[in-house]
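Student: Next up is a structure, given as structure tokens.
There are 2 protein chains.
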Amino acid sequence: MYKSVDASTMRRFNKQTVLSLLYQQEQTSRVAISEQTGLNRATVSSLVDELIEEQFVEETGLGVSSGGRKPILLRFNANAGYTIGVDVQITHITTVLTDAMRTVVYENQCQLHTRTHPVTAERLFDVLKEEIGLAIKACPPSPHGLFGIGIALPGMVNYATGHVSYLPNLNITEWPIVEQLSLIYPQTVIIDNDANCGAWSVYMTERIKNLIFINAGIGVGAGIVVNGRVYRGRNGIAGEAGHATISTIGILCSCGNYGCWEQYASEQALARYLREQGLDRNQMDEFSPLFVSRCVRKAQDNVQAYSNSLRLLGDYLGIGIANLLQILNPEAVFLSGTVAEAESILLPEIRRVIHHRGISKNKEMLIKIAPQSTVAVGAAGLALAHSIDIFPSREDNELLS
Amino acid sequence: MYKSVDASTMRRFNKQTVLSLLYQQEQTSRVAISEQTGLNRATVSSLVDELIEEQFVEETGLGVSSGGRKPILLRFNANAGYTIGVDVQITHITTVLTDAMRTVVYENQCQLHTRTHPVTAERLFDVLKEEIGLAIKACPPSPHGLFGIGIALPGMVNYATGHVSYLPNLNITEWPIVEQLSLIYPQTVIIDNDANCGAWSVYMTERIKNLIFINAGIGVGAGIVVNGRVYRGRNGIAGEAGHATISTIGILCSCGNYGCWEQYASEQALARYLREQGLDRNQMDEFSPLFVSRCVRKAQDNVQAYSNSLRLLGDYLGIGIANLLQILNPEAVFLSGTVAEAESILLPEIRRVIHHRGISKNKEMLIKIAPQSTVAVGAAGLALAHSIDIFPSREDNELLS
DNA sequence: CAACATGGTTGAGTTGTCATACCAATTATC
DNA sequence: GATAATTGGTATGACAACTCAACCATGTTG
Chain A
17 MYKSVDASTM RRFNKQTVLS LLYQQEQTSR VAISEQTGLN RATVSSLVDE
67 LIEEQFVEET GLGVSSGGRK PILLRFNANA GYTIGVDVQI THITTVLTDA
117 MRTVVYENQC QLHTRTHPVT AERLFDVLKE EIGLAIKACP PSPHGLFGIG
167 IALPGMVNYA TGHVSYLPNL NITEWPIVEQ LSLIYPQTVI IDNDANCGAW
217 SVYMTERIKN LIFINAGIGV GAGIVVNGRV YRGRNGIAGE AGHATISTIG
267 ILCSCGNYGC WEQYASEQAL ARYLREQGLD RNQMDEFSPL FVSRCVRKAQ
317 DNVQAYSNSL RLLGDYLGIG IANLLQILNP EAVFLSGTVA EAESILLPEI
367 RRVIHHRGIS KNKEMLIKIA PQSTVAVGAA GLALAHSIDI FPSREDNELL
417 S
Chain B
17 MYKSVDASTM RRFNKQTVLS LLYQQEQTSR VAISEQTGLN RATVSSLVDE
67 LIEEQFVEET GLGVSSGGRK PILLRFNANA GYTIGVDVQI THITTVLTDA
117 MRTVVYENQC QLHTRTHPVT AERLFDVLKE EIGLAIKACP PSPHGLFGIG
167 IALPGMVNYA TGHVSYLPNL NITEWPIVEQ LSLIYPQTVI IDNDANCGAW
217 SVYMTERIKN LIFINAGIGV GAGIVVNGRV YRGRNGIAGE AGHATISTIG
267 ILCSCGNYGC WEQYASEQAL ARYLREQGLD RNQMDEFSPL FVSRCVRKAQ
317 DNVQAYSNSL RLLGDYLGIG IANLLQILNP EAVFLSGTVA EAESILLPEI
367 RRVIHHRGIS KNKEMLIKIA PQSTVAVGAA GLALAHSIDI FPSREDNELL
417 S
């Protein structure tokens with residue numbers, strides 16, 4: 017609980033400061049690092065030498081000078097090592113392999129649920145092994161090899177314990193998945209909720225310290241970054257905003273309650289709106305992964321039922337997002353998941369609702385779309401951040417003022 | 017942005033570790049501190065000597081031994097200095113003076129809004145000066161004197177900038193109150209939302225790192241503590257959960273929207289429920305500060321309209337709290353404000369609703385009542401924490417692993 | 001009263017940063 | 001083209017703060 021600081025802690029801390037600065041900047045020099053960190057030039061030299069020795073950093077030539085010796089340019093070594101990220105969705109699995117700078121160097125999709133192989137924990141485990149195996153094969157040689165494996169799961173999982181509590185649409189409960197995978201892979205293995213992975217992914221690239229990532233597909237979940245770290249709450253189930261009530265006398269939800277946001281802002285809700293607009297099930301293939309994009313196409317073709325339904329979806333997304341804004345007043349909100357494919361119709365609606373329902377500064381909240389690969393890359397990023405400390409969350413730590 | 021650590025930073029850090037440990041424990045010895053912090057005994061001795069020199073710590077005699085020299089007991093010096101906390105409510109102001117251990121040594125209440133003096137920013141400012149002046153007079157002599165002044169305000173205020181944005185029921189907008197007060201008082205002056213002060217107060221005593229404090233009176237607001245610090249969001253307006261929608265087609269709120277939680281879980285809501293139960297305004301003095309406690313009295317006397325209304329209030333409180341739980345999954349929730357006076361009726365209802373609506377572990381969430389003085393003490397505590405670092409929020413800082 | 005146990009202090013040793021002087025390399029100036 | 005000025009990077013000693021180990025100080029136990 018109480019931690020002491022000695023000389024070696026001090027050095028580790030400073031070394032990570034230098035490393036994380038190098039991670040964020042394309043090219044820098046020793047003197048530039050010294051100026052930005054406040055560390056003495058001698059100290060920076062010594063730390064950089066160590067980092068070069070460890071192959072986390074490379075010298076890449078000389079920079080320009082304005083009357084003096086040219087600086088030796090330094091760069092974080094993207095090839096230092098690799099990380100695997102897996103995004104488990106209900107119908108399929110996306111696996112990525114990223115280098116240390118989080119550039120995707122390999123990507124693969126596979127079906128999870130097929131007629132011959134319905135989903136069970138065993139089936140999921142087998143597919144994971146298979147997919148991770150493929151990614152490992154695709155991993156280029158590097159000084160640090162594979163840093164770790166991060167898995168994003170759609171449901172309630174506990175990052176801290178590595179236990180899956182409940183994956184609603186996959187019918188999996190109480191499963192110590194990290195424990196099992198760790199028997200196979202010696203590297204760091206971590207799991208997290210898919211929205212948390214997405215939120216972390218966005219944080220890594222955007223460096224927005226307080227943000228919300230909304231993953232809206234079959235279900236609706238939120239990932240929350242507070243002060244530059246994923247907020248998971250006591251049991252790792254923070255962000256289950258899909259099961260917050262937006263209508264006290266609303267529709268029955270799979271969770272047993274009435275009026276959950278998820279019942280108004282998910283793919284299922286979209287299908288219901290379409291039915292309410294007079295379409296019957298056969299017309300709309302609501303179980304296809306392409307459901308939403310087909311709806312968008314139809315709306316663009318001016319089929320009223322579709323555009324009406326999508327706008328309604330946008331309204332309800334906006335109401336739920338506005339609620340999150342009132343509670344969390346973040347710096348930005350990112351929307352992802354299959355539903356995000358309808359951004360052209362949803363975003364204006366969401367922005368309108370937020371401008372109307374939001375209080376004060378929340379009216380002008382930044383709402384953006386995040387690409388589909390965000391979650392998988394975020395899963396990899398969580399494993400990466402677990403291995404090397406390049407995402408400091410200590411900027412406003414008063415103790416280091 | 018990037019901070020370096022040198023020997024003096026290291027020492028400051030360790031000194032604060034020692035001080036915060038002393039702050040939390042009644043009595044300790046140098047060796048015990050050494051064991052708990054991992055710091056060498058020599059280092060602890062040196063740090064403690066400095067703290068004694070600065071009069072933050074006292075030696076208070078000898079402890080018991082089990083076969084050896086008796087330890088010299090150390091104690092945080094409660095008399096090191098004092099802090100003023102002010103809780104501004106719509107009808108009145110509570111001012112407290114606390115010692116360095118947050119024990120209240122002086123308390124005063126005064127009317128804010130009177131027939132001869134309606135509330136304006138000037139009026140509030142005058143009353144604040146008056147009340148703070150009285151508290152300063154009550155401040156006993158001490159080595160550090162007055163650490164600072166903290167003011168809790170009912171509305172949207174920005175802790176970071178010291179600006180009041182909007183106090184809805186006091187009709188005050190855009191007011192640089194800290195700036196003005198700092199012209200008068202040389203000490204630290206800080207402001208914050210009342211629920212934030214309450215949340216901080218609870219954190220200080222309970223040391224629950226992730227909690228929600230709900231202040232339900234005329235309005236409803238939440239204070240959020242994440243990772244041992246108050247979470248305020250981008251503009252300092254996080255926690256405005258009273259303006260989250262719980263009913264999309266609900267009642268019109270003062271904020272202009274429909275279905276805000278505040279319209280179902282505040283004193284005003286209680287008054288409405290009573291009216292809906294057939295009571296007319298004259299019977300229920302809804303503008304008295306004693307409104308809620310009188311309602312409780314009547315409910316205890318088995319007047320059905322009152323017990324029904326209070327139960328309804330409890331249900332809606334429960335719905336809104338459940339929403340916060342799904343989103344934040346905290347470790348505990350504390351309820352305060354005038355409405356909390358009906359705890360005997362509300363708490364069972366709230367717990368029932370949460371058990372019903374909460375997902376997974378949220379069902380068993382700890383819900384407690386916090387006393388009315390919490391907010392004022394928290395305001396003082398914020399100013400205290402601003403002056404001396406005894407509430408470290410760095411326990412799981414990976415950098416110091 | 002000796003043996004042992006525990007709390008606290010002292011002084012040497014270690015680690016790591018800082019300041020300063022210095023070398024290296026390049027541009028500007030005479 | 002030689003020299004001065006400028007900027008980047010390195011080596012060395014001073015300094016600060018922590019650790020370690022030995023040593024007092026003061027107990028309790030047999």
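Those protein sequences? They're chains A and B, same order as listed.
For the first sequence, this note's numbering begins at 17 and goes up steadily by one.
For the second sequence, this note's numbering begins at 17 and goes up steadily by one.
Every residue gets a Cβ at the ideal spot worked out from N, C-alpha and C, and that includes glycine.
Would you mind telling me which residues of chain B sit closer than 7 Å to A/His-259, beta carbon to beta carbon, in chain order?
Tutor: The residue given as residue 259 of chain A occupies position 243 in the first sequence. Chain B residues near A/His-259: Gln-342, Ile-375.
Student: Kindly say whether B/Cys-271, judged by its beta-carbon, lies nearer than 8 Å to any beta-carbon of chain A.
Tutor: Your numbering for residue 271 of chain B matches position 255 in the second sequence. Yes, B/Cys-271 lies at the interface with chain A (some Cβ there is under 8 Å from its Cβ).
Student: Here's the rule I'm using: 16 or more other beta-carbon atoms within 10 Å means buried, otherwise exposed. How should B/Lys-19 be labelled?
Tutor: Residue mapping note: residue 19 of chain B aligns to position 3 of the second sequence, counting from 1. B/Lys-19 is classed as buried because its beta carbon has at least 16 other beta carbons within 10 Å across all chains shown.
Student: How about B/Ser-181 and B/Asn-187: are their beta carbons less than 8 Å apart?
Tutor: Position 165 of the second sequence, counted from the start, is the residue given in the question as residue 181 of chain B. Position 171 of the second sequence, counted from the start, is the residue given in the question as residue 187 of chain B. For B/Ser-181 and B/Asn-187, no; Cβs fall outside 8 Å.
Student: Between B/Ala-94 and B/His-108, what straight-line distance do the alpha-carbon atoms span, to the nearest angstrom?
Tutor: In the second sequence, residue 94 of chain B corresponds to position 78, counting from 1. In the second sequence, residue 108 of chain B corresponds to position 92, counting from 1. Approximately 29 Å, taken between the alpha carbons.
Student: For A/Thr-76, collect the residues of the same chain with a Cβ closer than 8 Å to its Cβ; drop the 5 residues on either side in sequence, then sort them by chain order.
Tutor: For the purposes of this step, residue 76 of chain A is identified with residue 60 of the first sequence, where counting begins at 1. Excluding positions up to five away in sequence, the list reads Gln-43, Leu-89, Leu-90, Arg-91.
Student: What does the alpha-carbon distance come out to for the pair A/Gln-388 and A/Ala-211?
Tutor: The sequence position of residue 388 of chain A within the first sequence is 372, counting from 1. The sequence position of residue 211 of chain A within the first sequence is 195, counting from 1. Using only the alpha carbons, I get a separation of about 12 Å.
Student: If you draw a straight line from the C-alpha of A/Gln-52 to the C-alpha of B/Gly-258, how long is it?
Tutor: Position 36 of the first sequence, counted from the start, is the residue given in the question as residue 52 of chain A. Position 242 of the second sequence, counted from the start, is the residue given in the question as residue 258 of chain B. Computed Cα separation, rounded: 43 Å.
Student: Taking CB distances under 8 Å as the criterion, tell me whether B/Tyr-175 reaches chain A.
Tutor: Residue 175 of chain B sits at position 159 when you count from the first residue of the second sequence. Not closer than 8 Å to any Cβ of chain A, the Cβ of B/Tyr-175 fails to qualify, so no.
Student: Could you tell me if A/Thr-33 is buried or exposed, where buried requires 16 or more neighbouring beta carbons within 10 angstroms of its beta carbon?
Tutor: Here residue 33 of chain A corresponds to residue number 17 of the first sequence, with the count starting at 1. Per the 10 Å Cβ criterion, buried.
Student: Entirely within the stretch 82-130 of chain B and at least 3 residues each: give me those beta strand (DSSP E) ranges in chain order.
Tutor: The stretch 82-130 of chain B contains, as complete beta strand (DSSP E) runs of 3+ residues, the segments 88-92, 98-104, 108-115, 120-127 (chain order).
Student: Between the beta-carbon of A/Leu-197 and the beta-carbon of A/Tyr-98, is there less than 8 Å?
Tutor: As a first step, residue 197 of chain A is located in the first sequence; it is residue number 181 there, counting from the start. As a first step, residue 98 of chain A is located in the first sequence; it is residue number 82 there, counting from the start. Not closer than 8 Å, so no.
Student: Going by the beta-carbon positions, is the gap between B/Leu-67 and B/Ile-49 smaller than 8 Å?
Tutor: Stepping through the second sequence from its first residue, residue 67 of chain B is reached at position 51. Stepping through the second sequence from its first residue, residue 49 of chain B is reached at position 33. Their beta carbons are not under 8 Å apart, which means B/Leu-67 does not touch B/Ile-49 by this criterion.
Student: Please return the same chain residues whose Cβ sits closer than 8 Å to the Cβ of A/Asn-30, not counting the five positions on each side in sequence.
Tutor: Along the first sequence, read from residue 1 onward, the residue named residue 30 of chain A stands at position 14. Same-chain partners within the cutoff: Thr-53, Leu-55, Thr-59, Leu-63.
Student: Measure the beta-carbon distance from B/Val-246 to B/Thr-390 and round it to whole angstroms, keeping in mind my assumption that it falls under 8 Å.
Tutor: Working through the second sequence from its first residue, we reach residue 246 of chain B at position 230. Working through the second sequence from its first residue, we reach residue 390 of chain B at position 374. 14 Å between Cβ atoms; not a contact.
Student: Grouping DSSP H, G and I as helix and E and B as strand, with all else coil, what is A/Leu-306?
Tutor: In the first sequence, counting from the first residue as 1, residue 306 of chain A sits at position 290. Here A/Leu-306 sits in coil by DSSP.
Student: Go through its chain and collect everything with a Cβ distance to B/Ser-270's Cβ below 7 Å, but skip five positions before and after it.
Tutor: Numbered from 1 along the second sequence, position 254 holds the residue referred to as residue 270 of chain B. Excluding positions up to five away in sequence, the list reads Pro-184.
Student: Less than 8 Å separating the beta-carbons of A/Ala-232 and A/Leu-340?
Tutor: Position 216 of the first sequence, counting from 1, holds the residue named residue 232 of chain A. Position 324 of the first sequence, counting from 1, holds the residue named residue 340 of chain A. Taking 8 Å as the Cβ cut-off, A/Ala-232 and A/Leu-340 do not qualify as a contacting pair.
Student: Please compile the residues from chain A whose C-beta is within a distance smaller than 8 Å of the C-beta of B/Leu-30.
Tutor: As a first step, residue 30 of chain B is located in the second sequence; it is residue number 14 there, counting from the start. Here the sequence assigns Asn to residue 30 of chain B, which means Leu is not the residue at that position. What B/Asn-30 touches in chain A: Ser-20, Val-21.
Student: Considering only heavy atoms of the ligand NAP, does any lie closer than 7 Å to the CB of A/Arg-27?
Tutor: The ligand NAP is not among the ligands present in this structure, which contains no ligands whatsoever.
Student: B/Pro-346 CB to nearest chain A CB: under 8 Å?
Tutor: Position 330 of the second sequence, counted from the start, is the residue given in the question as residue 346 of chain B. Closer than 8 Å to some Cβ of chain A, the Cβ of B/Pro-346 qualifies, so yes.
Student: Quick check: the Cα distance between A/Ile-230 and A/Gly-79, rounded to an integer number of angstroms?
Tutor: Residue mapping note: residue 230 of chain A aligns to position 214 of the first sequence, counting from 1. Residue mapping note: residue 79 of chain A aligns to position 63 of the first sequence, counting from 1. When only Cα atoms are considered, A/Ile-230 and A/Gly-79 end up about 42 Å apart.
Student: Can you give the Cα-Cα distance for A/Ile-240 and B/Thr-110, rounded to whole angstroms?
Tutor: Numbered from its first residue, the first sequence carries residue 240 of chain A at position 224. Numbered from its first residue, the second sequence carries residue 110 of chain B at position 94. Taking the straight line joining both Cα atoms gives about 35 Å.
Student: Mind listing the chain A neighbours of B/Val-242? Cutoff is C-beta to C-beta under 8 Å, in chain order.
Tutor: Against the second sequence, residue 242 of chain B aligns to sequence position 226. In chain order: Val-242, Asn-243, Tyr-247.
Student: Quick check on the DSSP output: the alpha helix (DSSP H) that includes B/Glu-75 runs from which residue to which?
Tutor: Your numbering for residue 75 of chain B matches position 59 in the second sequence. Counting along the chain, B/Glu-75 falls outside any alpha helix (DSSP H), though it belongs to the beta strand (DSSP E) covering 73-78.
Student: I need the boundaries of the alpha helix (DSSP H) containing B/Tyr-332, first residue and last residue.
Tutor: Against the second sequence, residue 332 of chain B aligns to sequence position 316. Where B/Tyr-332 is concerned, the enclosing alpha helix (DSSP H) stretches over 320-344.
Student: Leaving out five residues on either side along the sequence, give the residues of the same chain with a beta carbon under 7 Å from the beta carbon of A/Ala-281.
Tutor: Counting from 1 along the first sequence, the entry for residue 281 of chain A is found at position 265. Answer for A/Ala-281: Ala-232, Val-236, Leu-329, Tyr-332, Leu-333, Gly-336, listed in chain order.
Student: What residue range does the alpha helix (DSSP H) around B/Gly-149 cover?
Tutor: Residue 149 of chain B sits at position 133 when you count from the first residue of the second sequence. It spans 137-153 - the alpha helix (DSSP H) in which B/Gly-149 sits, taken as one unbroken run.
Student: Going along chain B in order, which residues have a C-beta closer than 8 Å to the C-beta of A/Tyr-182?
Tutor: Residue 182 of chain A sits at position 166 when you count from the first residue of the first sequence. Ordered by position in chain B, the residues that pass the 8 Å Cβ test against A/Tyr-182 are Ser-376.
Student: Kindly list, in the order they appear in chain A, the residues whose Cβ is closer than 8 Å to that of B/Arg-250.
Tutor: Numbered from its first residue, the second sequence carries residue 250 of chain B at position 234. Within 8 Å Cβ-Cβ: Asn-226, Asn-345, Pro-346, Glu-347, Lys-377.
Student: Should B/Glu-70 be flagged as near chain A, meaning a C-beta pair shorter than 8 Å?
Tutor: Taking the second sequence and counting its residues from 1, the one referred to as residue 70 of chain B is at position 54. No, its Cβ sits nowhere closer than 8 Å to a Cβ of chain A.
Student: Classify B/Asn-378 as buried or exposed, calling it buried when 16 or more other Cβ atoms lie within 10 Å of its own Cβ.
Tutor: Working through the second sequence from its first residue, we reach residue 378 of chain B at position 362. Counting Cβ neighbours within 10 Å, B/Asn-378 comes out buried, since at least 16 surround it.
Student: Let me check understanding here. Comparing Cα to Cα, which of A/Pro-192, A/Lys-225, A/Gln-293, A/Leu-140 lies closest to A/Gly-178?
Tutor: Indexing the first sequence from 1 puts residue 178 of chain A at position 162. Checked all of A/Pro-192, A/Lys-225, A/Gln-293, A/Leu-140; the closest Cα to A/Gly-178 is A/Pro-192.
Student: List the whole-angstrom C-beta distance separating A/Asp-208 from A/Ala-168, where the pair is believed to meet the contact cut-off of C-beta under 8 Å.
Tutor: Reading the first sequence from its first residue, position 192 is the one you call residue 208 of chain A. Reading the first sequence from its first residue, position 152 is the one you call residue 168 of chain A. Indeed they touch by this definition, with Cβ atoms about 6 Å apart.
Student: Ignore the nearest five residues each way along the sequence and tell me which others in A/Ala-321's own chain have a CB closer than 7 Å to its CB.
Tutor: Walking along the first sequence from the start, residue 321 of chain A turns up at place 305. Closer than 7 Å at Cβ, skipping near neighbours: Leu-290, Gln-293, Gly-294, Leu-295.
Student: For A/Thr-279, return the contacting residues in chain B, with the cut-off set at a CB-CB distance below 7 Å.
Tutor: One-based indexing of the first sequence puts residue 279 of chain A at position 263. Note that residue 279 of chain A is Gln in the sequence shown here, rather than Thr. Neighbours of A/Gln-279 on chain B: none; closest Cβ ~12 Å, over 7 Å.
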